[in-house]
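Colleague:
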Amino acid sequence: MLQRVQTIFMTIAATAMILLLFFPVWEKADGNFEAAQREYAIMDVFQLRYEQQTMATGEVELLGTQDTFLLSAGAIAAALVMLFSITRYKNRMTQVKLNALFSLLTAATLVGMYLYISKANQLFDPQIQGTFLVGFYLPIVAMLNNFLANRFIRKDEQLVRSADRIR
């Protein structure tokens with residue numbers, strides 16, 4: 013039945029992974045605000061861009077990019093697994109297994125984000141740390157909702173098994 017509470021949690025988890033495709037994950041700017049040129053880096057799940065801005069003219073020069081498409085592939089795969097899991101509402105144990113796969117894909121995406129960020133942090137001025145943006149927290153939201161969905165799926169399974177014992 014699609015009107016169960018775990019369906020809401022699974023929908024939120026899938027939506028969070030889809031929204032990850034549209035929000036930036038991390039950014040870093042140099043700390044010298046009075047310089048003629050400022051450097052900054054920004055990362056989303058598709059690429060990491062390293063740019064330099066001339067303050068007098070406002071002109072932005074692209075110094076380099078690095079593809080991070082594996083992060084987007086992980087986010088898309090996790091969202092698809094969760095959407096498929098929603099349709100498997102008649103078999104709760106299959107849902108639990110698919111949600112475990114979702115957790116694995118989401119954790120891999122988070123680890124990949126961390127690895128790209130730690131590598132990008134060394135681009136310029138390693139003493140200054142970058143800031144995590146909305147996109148970094150979306151997989152965490154997805155994993156929390158997946159945990160809650162699994163809890164309610166297991167509760168439903170226990171209820172069905174107890175009703176079978178009474179018969």
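Numbered according to the working numbering, the sequence shown spans residues 13 to 179.
No residue lacks a Cβ here, since even glycine has one placed at the ideal position from N, Cα and C.
1. Specify, as a first and last residue, the run of the alpha helix (DSSP H) that residue 67 falls within.
2. Among the residues of its own chain, which have a CB less than 8 angstroms from the CB of residue 157, if the five just before and after it don't count?
3. Could you tell me which uninterrupted beta strand (DSSP E) segments, each at least 3 residues in length, are contained entirely in the region 72-158, listed from first to last along the chain?
4. Spell out whether any CB of chain B is found under 8 angstroms from the CB atom of residue 58.
5. From residue 162 to residue 132, what does the alpha carbon distance come to, in whole angstroms?
6. Measure how close the beta-carbons of residue 82 and residue 64 come, nearest whole angstrom, since I'm counting them as under 8 angstroms.
7. Assuming residue 36 contacts residue 145 (C-beta within less than 8 angstroms), just tell me the rounded distance between them.
8. Among residues of its own chain, excluding the 5 on either side of residue 148, which ones have a beta-carbon nearer than 7 angstroms to its beta-carbon?
9. Tell me the rounded alpha-carbon separation between residue 41 and residue 103.
10. May I have the straight-line CA-CA distance separating residue 106 from residue 61, to the nearest angstrom?
11. Evaluate residue 151 with the Cβ neighbour count: other Cβ atoms within 10 Å of its Cβ, from every protein chain shown; 16 or more gives buried, anything less gives exposed.
12. Suppose the cutoff is 8 angstroms on Cβ atoms and the five residues either side in sequence are ignored; what does the same chain contact list for residue 172 look like?
13. In terms of alpha-carbon separation, which member of 113, 108, 138 and 143 lies closest to residue 55?
14. Could you check what DSSP says for residue 61 in three-state terms: helix, strand or coil?
15. Does residue 140 pass the burial test, meaning 16 or more other C-beta atoms within 10 Å, or should it be called exposed?
16. Alpha carbon to alpha carbon, how far is residue 101 from residue 53? Give it in angstroms, no decimals.
17. Tell me whether the beta-carbon of residue 114 lies closer than 8 angstroms to the beta-carbon of residue 90.
Modeller: With the given structure in hand:
1. As a first step, residue 67 is located in the sequence shown; it is residue number 55 there, counting from the start. In the DSSP assignment, residue 67 falls outside any alpha helix (DSSP H), carrying neither H nor E.
2. Taking the first residue of the sequence shown as 1, we reach residue 157 at position 145. Cβ within range, chain order: 21, 22, 24, 25 and 28.
3. The beta strand (DSSP E) runs lying completely inside the region 72-158 and spanning 3 residues or more are 72-79, given in chain order.
4. You won't find chain B in this structure, because it holds only one protein chain.
5. Reading the sequence shown from its first residue, position 150 is the one you call residue 162. Reading the sequence shown from its first residue, position 120 is the one you call residue 132. If I take the Cα positions, the gap works out to 35 angstroms.
6. Within the sequence shown, the letter at position 70 stands for residue 82. Within the sequence shown, the letter at position 52 stands for residue 64. In this structure residue 82 does not touch residue 64 by the C-beta definition: roughly 26 angstroms separates them, more than the 8 angstroms allowed.
7. Translated into positions along the sequence shown, residue 36 becomes position 24. Translated into positions along the sequence shown, residue 145 becomes position 133. Going by Cβ atoms, the distance from residue 36 to residue 145 rounds to 5 angstroms, so yes, they are a contact pair.
8. By 1-based counting over the sequence shown, the position of residue 148 is 136. Hits under 7 angstroms: 37, 38 and 125.
9. The residue you call residue 41 lines up with position 29 of the sequence shown. The residue you call residue 103 lines up with position 91 of the sequence shown. Taking the straight line from one Cα to the other gives about 49 angstroms.
10. By 1-based counting over the sequence shown, the position of residue 106 is 94. By 1-based counting over the sequence shown, the position of residue 61 is 49. Their backbone Cα atoms lie some 40 angstroms apart in a straight line.
11. As a working mapping, residue 151 is identified with position 139 in the sequence shown. Residue 151 comes out buried.
12. For this step, residue 172 is matched to residue 160 along the sequence shown. Around residue 172, the same chain offers 104 as residues with beta carbons nearer than 8 angstroms, after the five sequence neighbours per side are excluded.
13. Looking up residue 55 in the sequence shown gives position 43. Looking from the CA of residue 55, the closest CA among 113, 108, 138 and 143 belongs to 143.
14. Looking up residue 61 in the sequence shown gives position 49. In the structure shown, residue 61 sits in a strand (DSSP, three-state: E or B).
15. On the sequence shown, position 128 is the one that residue 140 refers to. Using a 10 angstroms sphere on the CB of residue 140, the tally of other CB atoms stays under 16, which defines it as exposed.
16. By 1-based counting over the sequence shown, the position of residue 53 is 41. By 1-based counting over the sequence shown, the position of residue 101 is 89. Answer to the nearest angstrom: the Cα atoms are 43 angstroms apart.
17. Counted from its first residue, the sequence shown places residue 114 at position 102. Counted from its first residue, the sequence shown places residue 90 at position 78. In this structure, residue 114 lies near residue 90, with their beta-carbon atoms less than 8 angstroms apart.
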